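To start, the structure under review is shown below, and the notes come after it.
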Amino acid sequence: MSASDQARTLLEQLGVDAARFMAGDLVVRTPITGEEIASVARTDAGATDAAITRATHAFAAWRDLPGPHRGELVRLFGEELRREKDALGGLVTLEVGKIAQEGLGEVQEMIDICDFAVGLSRQLYGRSIASERPGHRLTETWHPLGPVAVISAFNFPVAVWSWNAALALVCGDPVIWKPSERTPLTALACMSLFDRAAERFGGVPAGLAELVIGGADRAVQLADDSRIPLVSATGSTQMGKELAPRIAARLGRSLLELGGNNAAIVAPSADLDLVVRGVLFSAVGTAGQRCTSLRRLIVHESIVDDVVARLADSYGSVPVGDPREPGTLVGPLISGESFERLEAALDEARADGGDVVAGGGRALAHELPDAWYAQPTLVRMPSQTAVVERETFAPILYVLTYSEPDEAIALQNGVPQGLASSIFTTDLREAERFLASAGSDCGIANVNIGPSGAEIGGAFGGEKETGGGRESGSDAWKAYMRRQTATVNYTSDLPLAQGIVFDVP
Ligand code: UN1
374 MSASDQARTL LEQLGVDAAR FMAGDLVVRT PITGEEIASV ARTDAGATDA
424 AITRATHAFA AWRDLPGPHR GELVRLFGEE LRREKDALGG LVTLEVGKIA
474 QEGLGEVQEM IDICDFAVGL SRQLYGRSIA SERPGHRLTE TWHPLGPVAV
524 ISAFNFPVAV WSWNAALALV CGDPVIWKPS ERTPLTALAC MSLFDRAAER
574 FGGVPAGLAE LVIGGADRAV QLADDSRIPL VSATGSTQMG KELAPRIAAR
624 LGRSLLELGG NNAAIVAPSA DLDLVVRGVL FSAVGTAGQR CTSLRRLIVH
674 ESIVDDVVAR LADSYGSVPV GDPREPGTLV GPLISGESFE RLEAALDEAR
724 ADGGDVVAGG GRALAHELPD AWYAQPTLVR MPSQTAVVER ETFAPILYVL
774 TYSEPDEAIA LQNGVPQGLA SSIFTTDLRE AERFLASAGS DCGIANVNIG
824 PSGAEIGGAF GGEKETGGGR ESGSDAWKAY MRRQTATVNY TSDLPLAQGI
874 VFDVP
């Protein structure tokens, strides 16, 4: 079956009307072969404005529904996802080039956040606070916030939207989604599954879940519109730096998930079998295109030669190829530009004295000239130069060496990004030091696993140029709500706070 037939079969199974993916102005190609698989209509400025208006109206109705009822819609959506997990996972593989396991894993991540959000819908807890005034009750309540814009990246085309959407919906907020221009098909499929859930739920207000297909101009439009109190944006640091000041200029809220430059420290006591497996999954999985991908390995000088030798060995035998084939572990990069960035980074690394010990080239160029497969690449670097401080969205792992534990932590923290980090050690003191306040400065810090592959229960996000936002689990839901402090006086006296006397004569 050709890739476009496969896309059509999956989209039909997922309930997407053929008119939505047959005759648009935005051409969709699969990175697996480079073939055109569909074309989708872009949303223009006027239609985007209309979507925001609908979402605003939907908010007025949706916020009045009790939280647990809102949770029921998310529960139904989770059921639709369970039913179509294979089809949606297959479409993720086709549109983004993730291996089948990771396509399915991404849909599982959506199911997990739906389950989490359903429970949350009964736990939007406020507080009761001890008032300093007699006969007064002081409380804190969380109210729905308003329409939330979600701007998502190609690499997690559906999961990141769902982290935001599942929480926003139970919190009482409509969602306006602008996916990456490279991934409109999986977005259309999600909307279709959402519509199925909405139909079963009945009475869902029009505009509760909107889709805007377009590029940076649409993102800017959403960032600038003051009817949208929260813009949640995932993508490059550069994108965040462009959007955040616009949102701030209207005093809107932003939730940013930007670049990562994630490291693993390998201490002398580390279990090296675990290191090799952990590094492989984090560094070459998803072809190095996760924001949590492992990009820097900081290895103690006493074991670095051994670690590099073992990794170089494994790198050479990782199956690179068609992500639909069972057994493949590394699929294609999303585009030729991604491959060019990989090559430019390697040129720079070599000029800085780096030694490419595994990979470094293109794979399958002859068989698939229109697709961009990269060999997983391992580069030994003399120091943390400018290229190592940058995020290159490709399977390049830079190896650095340290001698003292403080030096390892300084290297780990010595980059502009602060998303995910990890240490491999069996020394309790080293592990605890890494997790302490003077240890890793990242939003995610792991011990004896790599930096990627977080589960949804924790808050996901990072510091510095990663943008500071937290999505998904823990109390990330609070970003999607408005906090209200209420003081109720149930007496006929009027004692004032701070003991102020204000007696009107
Ligand atoms: C991303 O790459 O944008 O922790 C998200 C992980 C995944 C999510 C990555 N659960 O690697």
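Residue numbers (the numbering used here): 374 to 878. The beta carbon of each residue, even a glycine, is placed where N, CA and C say it ideally should be. All values reported here derive from a predicted model rather than from experimental measurement.
Any heavy atom of ligand 1 closer than 7 Å to the Cβ of residue 556? In the sequence shown, counting from the first residue as 1, residue 556 sits at position 183. For ligand 1, not one heavy atom lies less than 7 Å from the Cβ of residue 556.
Measuring from each Cβ to the nearest heavy atom of ligand 1, keep the ones under 5 Å and list them in chain order. 529, 663, 664, 665, 825, 826 and 827
Do residue 831 and residue 845 count as a contact pair if the criterion is CB distance below 8 Å? Numbered from its first residue, the sequence shown carries residue 845 at position 472. Numbered from its first residue, the sequence shown carries residue 831 at position 458. Contact flag set, yes.
Coil, strand or helix - residue 860 by DSSP: As a working mapping, residue 860 is identified with position 487 in the sequence shown. Three-state DSSP puts residue 860 in a strand.
Does the region 577–596 come within contact of the region 816–824, defined as at least 3 CB pairs closer than 8 Å? no
Alpha carbon to alpha carbon, how far is residue 662 from residue 839? Give it in angstroms, no decimals. Along the sequence shown, read from residue 1 onward, the residue named residue 839 stands at position 466. Along the sequence shown, read from residue 1 onward, the residue named residue 662 stands at position 289. Rounded to whole angstroms, residue 839 to residue 662 spans 15 Å at the Cα level.
Start and end residues, beta strand (DSSP E) containing residue 635: Within the sequence shown, numbered from 1, the residue matching residue 635 stands at position 262. Where residue 635 is concerned, the enclosing beta strand (DSSP E) stretches over 635–639.
Can you give me the start and stop residues for the beta strand (DSSP E) that residue 829 sits inside? Taking the first residue of the sequence shown as 1, we reach residue 829 at position 456. Element bounds for residue 829: n/a, residue is neither H nor E.
Over the uninterrupted beta strand (DSSP E) stretch that includes residue 517, give me the two end residues. Counting from 1 along the sequence shown, the entry for residue 517 is found at position 144. Run containing residue 517: 509–517, per the beta strand (DSSP E) assignment.
DSSP three-state label for residue 668, please. Along the sequence shown, read from residue 1 onward, the residue named residue 668 stands at position 295. Three-state result, residue 668: strand.
For residue 754, which option in 767, 736 and 729 has the closest C-alpha, if you only look at C-alpha atoms? Mapped onto the sequence shown, residue 754 falls at position 381. Per the Cα distances, 729.
Using the three-state DSSP reduction, which class does residue 407 fall into: helix, strand or coil? Numbered from 1 along the sequence shown, position 34 holds the residue referred to as residue 407. Note: residue 407 maps to coil in three-state DSSP.
Taking the runs of the beta strand (DSSP E) that are 3 residues or longer, which of them lie wholly in the region 513–567? 521–524 and 548–551
Tell me which residues share the same chain as residue 709 and place their Cβ nearer than 7 Å to its Cβ, disregarding the 5 neighbours each side in the sequence. Taking the first residue of the sequence shown as position 1, residue 709 is located at position 336. Correct list, in chain order: 745.
Out of curiosity, what's the CA-to-CA distance linking residue 494 and residue 696? By 1-based counting over the sequence shown, the position of residue 494 is 121. By 1-based counting over the sequence shown, the position of residue 696 is 323. The alpha-carbon atoms of residue 494 and residue 696 are separated by roughly 37 Å.
On the criterion of 16 or more Cβ atoms from any shown chain inside 10 Å, does residue 601 qualify as buried, or is it exposed? For this step, residue 601 is matched to residue 228 along the sequence shown. Its Cβ being crowded by 16 or more others within 10 Å, residue 601 is buried.
Straight-line gap, residue 703 to residue 474 (C-alpha atoms, nearest Å): Mapped onto the sequence shown, residue 703 falls at position 330. Mapped onto the sequence shown, residue 474 falls at position 101. Approximately 11 Å, taken between the alpha carbons.
Our contact map puts residue 536 next to residue 486 with C-beta atoms below 8 Å; I'd like the distance itself, whole angstroms only. As a first step, residue 536 is located in the sequence shown; it is residue number 163 there, counting from the start. As a first step, residue 486 is located in the sequence shown; it is residue number 113 there, counting from the start. Confirmed, Cβ separation roughly 5 Å.
Does chain B have any CB closer than 8 Å to the CB of residue 851? This model lacks chain B altogether, as it is built from one protein chain only.
Could you give the DSSP three-state label for residue 845: helix, strand or coil? As a working note, residue 845 is residue 472 in the sequence shown. It is a strand residue.
Have a look at 529, 448 and 455 and flag the residue whose alpha-carbon is nearest the alpha-carbon of residue 488. Position 115 of the sequence shown holds residue 488. Closest by alpha carbon: 448.
Can you name the residues that DSSP bridges to residue 797? Sequence index remark: in the sequence shown, residue 797 carries index 424 (1-based). Partner(s): 639.
By Cβ distance, which residues of its chain are closer than 6 Å to residue 842, with the 5 residues on each side in sequence left out? Locating residue 842 in the sequence shown gives position 469, counting from the first residue. So the list reads 628, 629, 630 and 834, once near-sequence residues are dropped.
Bridge-paired residues (DSSP) for residue 774: Taking the sequence shown and counting its residues from 1, one reaches residue 774 at position 401. BP columns for residue 774 point to 672.
Helix, strand or coil for residue 821? Go by DSSP, reduced to three states. Stepping through the sequence shown from its first residue, residue 821 is reached at position 448. If DSSP states are grouped into helix, strand and coil, residue 821 belongs with coil.
Go ahead and pull the three-state DSSP assignment for residue 754. Numbered from its first residue, the sequence shown carries residue 754 at position 381. Three-state DSSP puts residue 754 in coil, outside helix and strand.
Report the start-end ranges of each alpha helix (DSSP H) in the region 708–757 that is 4 residues or longer and not cut off at the edges. 709–724
Measuring alpha carbon to alpha carbon, tell me which of 861, 672 and 701 ends up nearest residue 776. The residue you call residue 776 lines up with position 403 of the sequence shown. The option with the nearest alpha carbon to residue 776 is 672.
Please go through the same chain and pick out, in chain order, the residues whose beta-carbon is closer than 8 Å to the beta-carbon of residue 504, but skip the five residues on each side of it. Looking up residue 504 in the sequence shown gives position 131. Same-chain partners within the cutoff: 510, 511 and 860.
Delimiting residues of the beta strand (DSSP E) encompassing residue 502: Looking up residue 502 in the sequence shown gives position 129. Looking at the DSSP string, the run of the beta strand (DSSP E) that includes residue 502 is 500–502.
For the alpha helix (DSSP H) containing residue 385, list its first residue and its last residue. On the sequence shown, residue 385 is found 12 positions in, with the first residue counted as 1. Counting along the chain, the alpha helix (DSSP H) containing residue 385 begins and ends at 376–386.
From what residue to what residue does the beta strand (DSSP E) around residue 396 run? In the sequence shown, the residue the question calls residue 396 occupies position 23. Where residue 396 is concerned, there is no enclosing beta strand (DSSP E), given that its DSSP letter is neither H nor E.
Under a Cβ-count criterion, where at least 16 other Cβ atoms within 10 Å of its own Cβ denotes burial, should residue 570 be classed as buried or exposed? Taking the sequence shown and counting its residues from 1, the one referred to as residue 570 is at position 197. The residue in question, residue 570, is buried, as its Cβ has 16 or more Cβ neighbours within 10 Å.
Alpha carbon to alpha carbon, what distance is there between residue 557 and residue 566? Looking up residue 566 in the sequence shown gives position 193. Looking up residue 557 in the sequence shown gives position 184. Distance between the alpha carbons of residue 566 and residue 557 is about 14 Å.
Contained alpha helix (DSSP H) runs [length at least 4] in the region 453–508, N- to C-terminal order: 458–469 and 473–493
Rounded straight-line distance, which links the Cα of residue 413 to that of residue 440: Within the sequence shown, residue 440 is the residue found at index 67, counting from 1. Within the sequence shown, residue 413 is the residue found at index 40, counting from 1. Residue 440 and residue 413: Cα-Cα distance of roughly 35 Å.
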